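The structure under discussion appears below in the form of structure tokens.
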Amino acid sequence: MSRLIIQPKKLYQIGANVKKKYSSAEYHNLDIYQINTTYYSALGNDDKKYFLARLLQIFAPGIPQIYYVGLLAGENDIKLLEKTKEGRDINHHYYELDEIEKQVQRPVVKSLIKLLEFRNSVPAFDLDGSIEVETPSEHEIVITRMNKDKTKVASAHVDLKNLTYQVKYNDQVFVF
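The sequence shown begins at 0 in numbering that gives the first Met the number 0 and counts up one residue at a time.
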């Protein structure tokens, strides 16, 4: 049985403005397996936790996808949710241009953009390449990505207890 990173009950305790009722019929949500929240708010609007979660996503196989609200580390839009009573609107903030300009200046958003640029420019993330995953301890994960001929290597060592990371590409350390 796999371990959950966050138990469903705990999400409602630690999440920022995450309430069970936002995922209920009252908010036109009949999918009992969906929790209506932004990714950022699910992690308590915590920049470090959010960045590390995205770092793990970026190192996962395939082509990562990030919704615009996620790219801007957007919080739950309670105002829109209460206006429409549509559960999914919690994650559908309509950004004005001045809001976007402000959001992209936040350190967590700048770091995420740098991480995405890294992901898009490093050959180790070749879709025909390989991935290795290690768990040195209960709270650490090391993900290594290699291109097809294993000449380009990118690794992420993430410590979820201390909320730290180290990313290397061909032995060069990168900080986002």
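Ideal Cβ placement from N, Cα and C applies to all residues, glycine included. Quantities reported herein were computed from a predicted structural model and do not represent experimental measurements.
What residues in its chain sit with their C-beta under 6 Å from that of residue i, if we drop five residues either side in the sequence?
i, result
"F175", "S110, K113 and L114"
"Y38", "G69"
"L159", "H138"
"I130", "P60 and R144"
"L162", "K47"
To the nearest angstrom, how far is it from the Cα of residue i to the Cα of residue j?
i, j, result
"T36", "R87", "8 Å"
"E85", "V108", "27 Å"
"E168", "F117", "The amino acid at residue 168 is misidentified as Glu; the sequence shows Tyr. Computed Cα separation, rounded: 10 Å."
"E98", "R53", "22 Å"
"K78", "L51", "28 Å"
"R105", "L126", "31 Å"
"P122", "K151", "6 Å"
"F58", "N119", "11 Å"
"T83", "H92", "12 Å"
"E133", "K101", "38 Å"
"A72", "A155", "21 Å"
"A153", "Q171", "9 Å"
"Q64", "K149", "25 Å"
"F173", "I34", "34 Å"
Take the Cβ of residue i as the centre, count every other Cβ of all protein chains shown within 10 Å, and call the residue buried at 16 or more, exposed below.
i, result
"R144", "buried"
"S1", "The predicted model places S1 with a pLDDT of 47, which falls under 50 and marks its position as unreliable; any figure quoted below should be read in that light. S1 is exposed by the Cβ-count criterion."
"P66", "Note that residue 66 is Tyr in the sequence shown here, rather than Pro. Y66 is exposed by the Cβ-count criterion."
"I142", "buried"
Going along the chain, which residues of its own chain have a beta-carbon closer than 7 Å to the beta-carbon of residue i, five neighbours each way excluded?
i, result
"G128", "R144, M145, N146 and K147"
"L42", "K48, Y49 and A52"
Relative to the C-alpha of residue i, which residue among the options is closest?
i, options, result
"L70", "T134, I142 and Y49", "Y49"
"Y164", "L55, N44 and D45", "L55"
Pull up the CB-CB distance for residue i and residue j, whole angstroms please, since I reckon it's below 8 Å.
i, j, result
"I140", "V166", "13 Å between Cβ atoms; not a contact."
"I96", "I89", "The identity of residue 96 in the sequence shown is Leu, whereas the question assumes Ile. With a Cβ gap of about 22 Å, L96 and I89 do not count as contacting."
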